[in-house]
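What follows is one structure encoded as structure tokens, with my remarks underneath.
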Amino acid sequence: MTTFWDIVHLLTGTPLILVAIMGLTWGILGGALPGISASITMALVLPFTYTMDPAMAIALLACVYIGAEYGGSIPAILIRTPGTNSSAATVIDGYELNRQGRAGEALGISLMSGVVGSLFGLAMLVLLTEPLSWLALAFTPPSYFGLGILGLSVIASMTGGSLVKGLAAAVIGLMISTVGTDPISGVSRFTFDVPDLLNGVEPVLVMVGLFALTELMSQSGSTSLTQLKESVRIRLPSLAMMNRLKRSQTIGCILGLFEGLTPGGGGSIAAFMSYNEARRWSKTPELFGKGSEEGVAAPETANNTVASTALIPLLSFGIPSSNSTAVLLGGLLMHGLLPGPRLFEQNPQVIDSLYVGSFVAIIAQIGVGMLLLPAAVWLVNRPRPYRAGFIFALILSGIYTLNTSTFDLGLALALGVVGYLMRRTGFPFLPMILGVVLGHMVESSYRRSLVLSGGDMMVFLQDPICVGLLLAATGFVVYSLTRELRDARRAKAEQADTHKAHGQEAHG
Amino acid sequence: MNKDAWSGLVLLALAGTYFWATGAIPDSTLEDEVGAVGLPHALTAALVLLGLILLVRGVLAARTEAAAGPEDEERDATLPRALGFLALGAAYVLLLPYVGYLVAVALLIGGVALYEGAPRRWTVPVAALGGAAFYWAVFVKLLGVSQPVGTLFQGLFS
């Protein structure tokens, strides 16, 4: 049980405040750079947390996530280019307000709505995570196997695009997880006599390779974006304005909570759904798309709520629902921390630091957000060629920090190529990353179950939790498959209609 | 053939290579019911199945796509362009043990800036050297992260 004095000790006896502000600063600057998503911003800093105290490292990553969600709205409002995917909905009315000479006001609404969403999300995180995690105490090895399969199926089905490609990405991730020492017999697999592979491929390398390197490679040769106006200053909304935004912020909070808990949901879906709902419930829906303050408040509240509520399934069951939470899971695993009830029991300082650090970051966001705006504008305005060079050097420096090994650098570059090819051919990254992260749990739970049952496969059907989880996994895959087939049929019908119309026009 | 068909073929090739590599997994006296090759074999089967589905789907869709006209232009960098970018990273990895962190980072920043189209002016070496000095100060001096000094300069810095 955390007492008031534990919190005081965290704030005064540890560098938590400094860590939170550093994470927030990095998050805002990284999130403001177009093309650098929240997950990439987190992945860039992940290797540097390797030598940090685990509690501080996890708090830092959570604060980067919070900062990146706000940072993404800066270029969305100022140059109509979302810094992160989840700020795409902010572009619609944020940029319109900017065109009307109200950029400072739009940035202020975005900042304060982000604070409201983050505070609500944090409250939900604190209230819901620990009770949910206690459910995991009833889990047996077959249940953990079922949980791993459910996590992989849900992410493969829900990350958008083709189900087959999602499942193939998950299988490739699982294949990568088999590299190294076998968890039961101890023999080495797929190591090709390379000592660096004996401990397997670290998930952090896969994350940095797929998210960060792939993005840099894909952006190569692209031209610089419109320059930001250096003179812009944030104008915080008045109390009367905050009162007017109440409804849209409530919608953002509710949908942010819902989407944060939903695997594959994420900030961008929450933001667009909130935008639509805010318009539906607004007293002035006609202003949406023409510079509505509510049109900025709703998506920004939602994506900031998700930054906290997405941690609920992660910390309770170890299932990340988005790229950013997958990076956070990578951080936990890197420090030998397993999500679930034992994390709350054995490492309460990690949870306390995460909660208190997030709270500090949310409150500090108001001041830091205002102070950092000129720095963010300066950074975004740097010529892209130099920015790419600095980011590439940062990525490679970070990877080397992990094990001071040039082999890791080569492996990450190779994963960058894999990521680039996956991106070009429409394979999602998250199932692959989840395969790497969950592979060990899936395999060892499966084999341990069979060892306990003397090789009887019925062990998986005798465990009610396992049966429930496997049925849910099947349900997700079947649902996704039927949706994909229905969409394909609809697209085919539309195409046939278009051909018919063209034919009639030609004859006419 | 379209992208799906090619992806299917690549998945089949990957599954074949992975299956071939399972042959090198040694037997163990601690072997359980499934064994160290159990999951790899199951994964191979799954990937073969998924690869075949993609291949068939890609071949069937190719005709429809041909009728519909060319695909939308890609916004991402082309493969040679992206590989060229990555080659600069590979050069960094190769040079790092010899020239050390400071010089390798300076070359990387400068090389990437030029590759990405920075004008060939004095600003490139200044940014490269300044960036390298900044990263060296942050990582080596401030964070205490060990970075290679480089065999060429070992005597100078050790």
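Protein sequences appear in the order of chains V and P.
Numbering follows the working numbering, with no gaps: position 9 of the first sequence is 9.
Numbering-wise, the working numbering comes out as the position in the second sequence, counting from 1, plus 1000.
Ideal placement from N, C-alpha and C gives every residue a C-beta, glycine not left out.
Being a predicted model, the structure only gives us computed values, none of them experimental.
Of the residues V/G260, V/G289, V/I366, V/T214, the one placed nearest V/R424, counting alpha carbons only | As a working mapping, residue 424 of chain V is identified with position 424 in the first sequence. Out of V/G260, V/G289, V/I366, V/T214, the CA that lies nearest to the CA of V/R424 is found in V/T214.
Evaluate V/R489 with the Cβ neighbour count: other Cβ atoms within 10 Å of its Cβ, from every protein chain shown; 16 or more gives buried, anything less gives exposed.
-> In the first sequence, residue 489 of chain V corresponds to position 489, counting from 1. Under this definition V/R489 is an exposed residue.
Would you say P/R1120 faces chain V, with C-beta separation under 9 Å as the test?
-> As a position in the second sequence, residue 1120 of chain P is number 120, starting the count at 1. Taking Cβ atoms only, chain V never reaches closer than 9 Å to P/R1120, which makes this a no.
When the cut-off is 9 Å and only beta carbons count, does P/F1153 lie next to chain V?
-> Here residue 1153 of chain P refers to the residue found at position 153 of the second sequence. Not one chain V Cβ lies under 9 Å of P/F1153.
In chain P, which residues lie less than 9 Å from V/D497 when you measure between Cβ atoms?
-> Counted from its first residue, the first sequence places residue 497 of chain V at position 497. Those within 9 Å of V/D497 in chain P number zero; the least Cβ separation is about 13 Å.
Cβ neighbours of V/A103 in the same chain (closer than 8 Å, five flanking residues each side left out) = By 1-based counting over the first sequence, the position of residue 103 of chain V is 103. Only I77, L78, L97, K229, V232 meet the Cβ criterion.
Name, please, each residue of chain V whose Cβ falls closer than 9 Å to the Cβ of P/L1019.
-> In the second sequence, residue 1019 of chain P corresponds to position 19, counting from 1. According to the sequence as given, residue 1019 of chain P is Phe; it is not Leu. Near P/F1019 there are no residues of chain V at all, since even the closest Cβ is about 11 Å away, more than 9 Å.
Do you know offhand how far V/K492's Cα is from P/L1060's?
-> Walking along the first sequence from the start, residue 492 of chain V turns up at place 492. Walking along the second sequence from the start, residue 1060 of chain P turns up at place 60. Looking at the two C-alpha atoms, the distance is approximately 13 Å.
Assign V/N199 to buried or exposed, taking buried as 16 or more other Cβ atoms, counted over all protein chains shown, within 10 Å of its Cβ.
-> Counting from 1 along the first sequence, the entry for residue 199 of chain V is found at position 199. Per the 10 Å Cβ criterion, exposed.
Which listed residue (V/G186, V/M422, V/P385) has its alpha carbon closest to that of P/G1111 = In the second sequence, residue 1111 of chain P corresponds to position 111, counting from 1. Of the listed residues, the one whose Cα sits closest to P/G1111 is V/P385.
Listed by chain order, chain V residues near P/G1058 by CB distance under 8 Å = One-based indexing of the second sequence puts residue 1058 of chain P at position 58. In chain order: nothing, as chain V lies at least about 10 Å away.
Applying a beta-carbon distance threshold of less than 8 Å, which residues of chain V neighbour P/A1091?
-> As a working mapping, residue 1091 of chain P is identified with position 91 in the second sequence. What P/A1091 touches in chain V: nothing, since even the nearest Cβ is about 11 Å away.
Keeping to the same chain, check which residues put their C-beta closer than 6 Å to that of V/R447; ignore five residues upstream and five downstream.
-> The count along the first sequence starts at 1 and reaches residue 447 of chain V at position 447. Same-chain partners within the cutoff: I184.
Apply the 10 Å Cβ neighbour rule to V/T51 and answer buried if 16 or more other Cβ atoms are within range, or exposed otherwise.
-> Here the question's residue 51 of chain V lines up with position 51 in the first sequence. Burial state of V/T51 is exposed, judged by a 10 Å Cβ sphere holding fewer than 16 other Cβ atoms.
Please go through the same chain and pick out, in chain order, the residues whose beta-carbon is closer than 6 Å to the beta-carbon of V/G435, but skip the five residues on each side of it.
-> What you label residue 435 of chain V is simply residue 435 of the first sequence in a count that begins at 1. A170, G173, L174, listed in sequence order.
Give me the Cα-Cα distance between V/V459 and V/V442, rounded to the nearest whole angstrom.
-> If you number the first sequence from 1, residue 459 of chain V lands on position 459. If you number the first sequence from 1, residue 442 of chain V lands on position 442. Looking at the two C-alpha atoms, the distance is approximately 15 Å.
C-beta contact flag for V/G67 and V/W26 at 9 Å = The count along the first sequence starts at 1 and reaches residue 67 of chain V at position 67. The count along the first sequence starts at 1 and reaches residue 26 of chain V at position 26. In this structure, V/W26 lies closer than 9 Å to V/G67 by Cβ.
The stretch 388-406 of chain V: which residues have C-beta closer than 8 Å to a C-beta of chain P, in chain order?
-> A388, G389, F390, F392, A393, L394, L396, S397, Y400, T401, T404, T406: these are the residues of the stretch 388-406 of chain V whose beta carbon lies less than 8 Å from some beta carbon of chain P, given in chain order.
Taking any Cβ of chain P, which residues in the stretch 336-354 of chain V have a Cβ under 7 Å from it, in chain order?
-> none
Closest residue to V/L111 among V/Q495, V/V296, V/S322 (Cα-Cα distance) | Within the first sequence, residue 111 of chain V is the residue found at index 111, counting from 1. The shortest Cα separation from V/L111 among V/Q495, V/V296, V/S322 belongs to V/V296.
Indicate the three-state DSSP secondary structure (helix, strand or coil) for V/G340 in the structure shown.
-> Along the first sequence, read from residue 1 onward, the residue named residue 340 of chain V stands at position 340. Residue state, collapsed to three classes: coil.
If you draw a straight line from the C-alpha of P/D1072 to the C-alpha of V/G454, how long is it?
-> Indexing the second sequence from 1 puts residue 1072 of chain P at position 72. Indexing the first sequence from 1 puts residue 454 of chain V at position 454. Caution applies to P/D1072, whose pLDDT of 48 falls short of 50 and renders its modelled position unreliable; the model cannot decide the point.
Proximity winner among V/F390, V/G410, V/Q504, V/S353, relative to P/F1134 (alpha-carbon distances) = As a position in the second sequence, residue 1134 of chain P is number 134, starting the count at 1. Residue V/F390 is the option with its Cα nearest to P/F1134.
Rounded to a whole number of angstroms, what is the C-alpha to C-alpha distance between V/G83 and V/L430?
-> In the first sequence, residue 83 of chain V corresponds to position 83, counting from 1. In the first sequence, residue 430 of chain V corresponds to position 430, counting from 1. Distance between the alpha carbons of V/G83 and V/L430: 20 Å.
Is the shortest distance between the beta-carbon of P/V1034 and the beta-carbons of chain V less than 9 Å?
-> If you number the second sequence from 1, residue 1034 of chain P lands on position 34. Closer than 9 Å to some Cβ of chain V, the Cβ of P/V1034 qualifies, so yes.
When you compare only the Cα positions, how much space is there between V/W134 and V/I395?
-> Along the first sequence, one-based indexing puts residue 134 of chain V at 134. Along the first sequence, one-based indexing puts residue 395 of chain V at 395. Roughly 38 Å separates the two Cα atoms.
Could you tell me if V/R387 is buried or exposed, where buried requires 16 or more neighbouring beta carbons within 10 angstroms of its beta carbon?
-> In the first sequence, counting from the first residue as 1, residue 387 of chain V sits at position 387. Answer is buried; the Cβ neighbour count reaches 16.
Can a CB atom of chain P be found closer than 9 Å to the CB of V/I77?
-> The sequence position of residue 77 of chain V within the first sequence is 77, counting from 1. False, the Cβ-Cβ gap to chain P never drops below 9 Å.
Which bits of chain V does P/G1150 rub up against, with CB to CB less than 9 Å?
-> Indexing the second sequence from 1 puts residue 1150 of chain P at position 150. By Cβ distance, chain V contributes nothing, its closest Cβ being about 12 Å from P/G1150, past 9 Å.
Going along the chain, which residues of its own chain have a beta-carbon closer than 8 Å to the beta-carbon of V/V451, five neighbours each way excluded?
-> Within the first sequence, residue 451 of chain V is the residue found at index 451, counting from 1. Only I184 meet the Cβ criterion.
As assigned by DSSP and simplified to three states, the class of V/R189 | Position 189 of the first sequence, counting from 1, holds the residue named residue 189 of chain V. In the structure shown, V/R189 sits in a strand (DSSP, three-state: E or B).
Name the residue from V/R244, V/L287, V/G209 whose alpha carbon lies nearest to the alpha carbon of V/I109.
-> Translated into positions along the first sequence, residue 109 of chain V becomes position 109. If we check each option's Cα against that of V/I109, V/R244 comes out closest.
Other residues of its chain near V/C466: CB distance less than 8 Å, five sequence neighbours each side excluded = Counted from its first residue, the first sequence places residue 466 of chain V at position 466. Hits under 8 Å: T140, P142, S143, F145, G146, F460.
List the DSSP bridge partners of V/S180.
-> Along the first sequence, one-based indexing puts residue 180 of chain V at 180. Contrary to the premise, residue 180 of chain V reads as Gly rather than Ser in this sequence. The partner list for V/G180 (beta bridge, DSSP) reads V/R189.
Compare the C-beta of V/F192 with all C-beta atoms of chain P and state if any pair is closer than 9 Å.
-> Here residue 192 of chain V corresponds to residue number 192 of the first sequence, with the count starting at 1. Interface residue, yes.
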